[in-house]
Ligand SMILES: Nc1nc2c(ncn2[C@@H]2O[C@H](COP(=O)(O)OP(=O)(O)OP(=O)(O)O)[C@@H](O)[C@H]2O)c(=O)[nH]1
Ligand SMILES: [Mg+2]
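Numbering (the working numbering), first residue to last: 64 to 429.
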């Protein structure tokens, strides 16, 4: 499949936006740029190819770091497909991460997140920054179909080598943010992005989740999309580092700002960062420079106070915990029908063992 240069393999170009994605590791190897998921032996020396002619992980990482869009695309595919090579990908990316500023963009459906993302992208490129965009795919029936529109809006950047745009499917049961998103952010970070913009569909839990992923979280509101109080109910008014009242060209924008101000003044800020409110018309670019300035100010603030380390520490902790819990769950899954479990069950039944002690023994045997 040929792709516009500079765009990292937008998923689903050849399929409807709502098409289900295979979840099984390695299930979709036909995808453009997909490394063979079942590559034997895992590791390939730098510069070598597997028997099938595919690049090894080390080579992919080298190429991604050199800014080769296809290598970035392949690495994200490996992440997204939960490839058996994921461990090696993670290991080889690790030394090259920690540079990018991660900016989360959230808000109700239709508030203008994609338009604002695209406008931000343009502004950041003007500053010469290398930018990655992860659009977490709205798989809900609410905004299904928006993905294609998003992509079209982003097309203005399709030929830019310093821009990576990627859509990720959100898998309903985990809320909006795909579990793979943190790893995809790592890929973009290692590929030298100065800023990674993560747009999440503003339904379900995803608004809140994005705060855990980002250094700076933008919460978008707009007139006619439900007032500030409704947003407060959804819990998103606690997570913004910068609030954006978009569609400032529409009636009611002032009222949204007023509502927002009064709601925000109720909550005590954790540090003394007063989250600014920026007015934008994302569709024309009006106010976007102010938004870029507010994001930059927040970045400086994170660094001067050391809050950046606190956030990154929290993020890494969440990531490790999630991986460890998944691994544990898998190991426990294997125990079904395990001889030890049957023996212990027998002892519990005949009264020679209580179930708590049995559980302790089972855990000790893992
Ligand atoms: N009038 C006006 N329209 C805007 C503005 N920003 C975005 N829009 C329009 O609002 C609609 C929704 O914009 P999107 O950027 O797709 O919104 P979104 O939040 O990404 O939507 P989902 O991803 O579906 O949740 C589009 O028709 C935009 O053209 C703005 O500042 N003013
Ligand atoms: Mg969108």
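The C-beta atom is built at its ideal place from N, Cα and C for all residues, glycine as well.
Small disclaimer: the values here were computed from a predicted structure and weren't measured.
Determine, using beta carbons only, whether residue 308 and residue 319 come nearer to each other than 8 Å.
Cβ atoms of residue 308 and residue 319: closer than 8 Å.
Go to residue 164, then tell me how far its beta strand (DSSP E) extends in each direction, as first and last residue.
Per DSSP, residue 164 belongs to the beta strand (DSSP E) from 164-170.
Which residues does DSSP list as the beta-bridge partners of residue 229?
Partner(s): 197.
Three-state class that DSSP yields for residue 391 in the structure shown
In this structure, residue 391 counts as helix in the three-state DSSP scheme.
Sorry if obvious, but does the Cβ on residue 345 come closer than 7 Å to a heavy atom of ligand 1?
In this structure, the C-beta of residue 345 approaches ligand 1 to less than 7 Å from one of its heavy atoms.
Tell me the rounded alpha-carbon separation between residue 415 and residue 389.
The alpha-carbon of residue 415 is positioned some 32 Å away from that of residue 389.
How about residue 176: is its Cβ closer than 7 Å to a heavy atom in ligand 2?
For ligand 2, at least one heavy atom lies less than 7 Å from the Cβ of residue 176.
Are there any heavy atoms of ligand 2 lying less than 7 Å away from the beta-carbon of residue 384, as far as the coordinates show?
Residue 384 Cβ: outside cutoff for every heavy atom of ligand 2.
Closest by C-alpha distance to residue 373, when choosing among 176, 277, 142, 248
Answer by Cα proximity: 277.
So, using beta-carbon positions, are residue 273 and residue 258 closer together than 8 Å?
Taking the C-beta atoms as reference points, residue 258 is found no nearer than 8 Å to residue 273.
Ends of the beta strand (DSSP E) at residue 283?
Where residue 283 is concerned, the enclosing beta strand (DSSP E) stretches over 279-284.
Do you know whose CA, among 167, 412, 254, lies nearest residue 192's CA?
Distance from the Cα of residue 192 is smallest, within the candidate group 167, 412, 254, for 254.
Hey, how far is the Cα of residue 172 from the Cα of residue 407?
The straight-line gap from Cα to Cα measures roughly 52 Å.
Whole angstroms are fine: how far does the CA of residue 245 sit from the CA of residue 186?
Annotation: residue 186 to residue 245 spans about 24 Å, alpha carbon to alpha carbon.
When you compare only the Cα positions, how much space is there between residue 225 and residue 248?
Whole-angstrom Cα-Cα distance: 15 Å.
Need the endpoints of the beta strand (DSSP E) that residue 174 sits in, please.
Per DSSP, residue 174 belongs to no beta strand (DSSP E) and is neither H nor E.
Beta carbon of residue 164, beta carbon of residue 364: below 8 Å?
With a cutoff of 8 Å on beta-carbon distance, residue 164 and residue 364 are scored as not near each other.
Where the beta strand (DSSP E) containing residue 340 begins and where it ends
Residues 340-342.
In angstroms with no decimal places, state the Cα-to-Cα distance between residue 137 and residue 123.
Near 8 Å, if we compare the C-alpha coordinates of residue 123 and residue 137.
Helix, strand or coil, according to DSSP, for residue 262 in the structure here?
The three-state reading of DSSP puts residue 262 in strand, counting E and B together.
Limits of the alpha helix (DSSP H) - the one that residue 316 falls within
It spans 316-329 - the alpha helix (DSSP H) in which residue 316 sits, taken as one unbroken run.
Measure the alpha-carbon distance for residue 304 versus residue 328 and round it to whole angstroms.
Cα-Cα distance, rounded: 14 Å.
Check whether the Cβ atoms of residue 252 and residue 286 sit closer than 8 Å, and answer yes or no.
If you check the CB distance, residue 252 and residue 286 do not come in under 8 Å.
DSSP state of residue 410 mapped onto helix, strand, coil
It is helical.
Return the chain-ordered list of same chain residues with a C-beta closer than 7 Å to the C-beta of residue 346, the five sequence neighbours on each side being excluded.
The residues are 178.
DSSP on residue 349, reduced to helix/strand/coil?
Judged by DSSP in its simplified three-state form, residue 349 adopts strand.
Would residue 342 be called buried (16 or more neighbouring beta carbons within 10 Å of its own) or exposed?
Its Cβ being crowded by 16 or more others within 10 Å, residue 342 is buried.
Buried or exposed: where does residue 429 fall if 16 or more other Cβ atoms within 10 Å of its Cβ makes it buried?
With fewer than 16 neighbouring CB atoms inside 10 Å of its own CB, residue 429 falls in the exposed class.
With DSSP run on the structure shown, which of helix, strand or coil describes residue 65?
A caution first: residue 65 carries a pLDDT of 36, below 50, which makes its placement in the model unreliable, though a value can still be read off. In this structure, residue 65 counts as coil in the three-state DSSP scheme.
Under 7 Å Cβ to Cβ from residue 350, same chain only, skipping five residues before and after it: list those, please.
Only 311, 341, 342, 343, 344 meet the Cβ criterion.
DSSP-derived helix/strand/coil call for residue 148
In the three-state reduction of the DSSP assignment, residue 148 falls in the coil class, being assigned neither a helical nor a strand state.
When DSSP builds the beta bridges, which residues end up paired with residue 307?
DSSP, once it has assigned bridges, lists 283, 341 as partnering residue 307.
Mind checking whether the beta-carbon of residue 262 lies closer than 7 Å to any heavy atom of ligand 2?
Shortest gap from the CB of residue 262 to any heavy atom of ligand 2: under 7 Å.
If you follow the alpha helix (DSSP H) that residue 423 is part of, which residue opens it and which one closes it?
Residue 423 -> alpha helix (DSSP H) spans 418-427.
Determine whether the beta carbon atoms of residue 250 and residue 120 lie at a separation below 8 Å.
No. Outside cutoff.
Say yes only if the C-beta of residue 309 is nearer than 7 Å to one or more non-hydrogen atoms of ligand 1, and no if none qualify.
Under cutoff, so the answer is yes.
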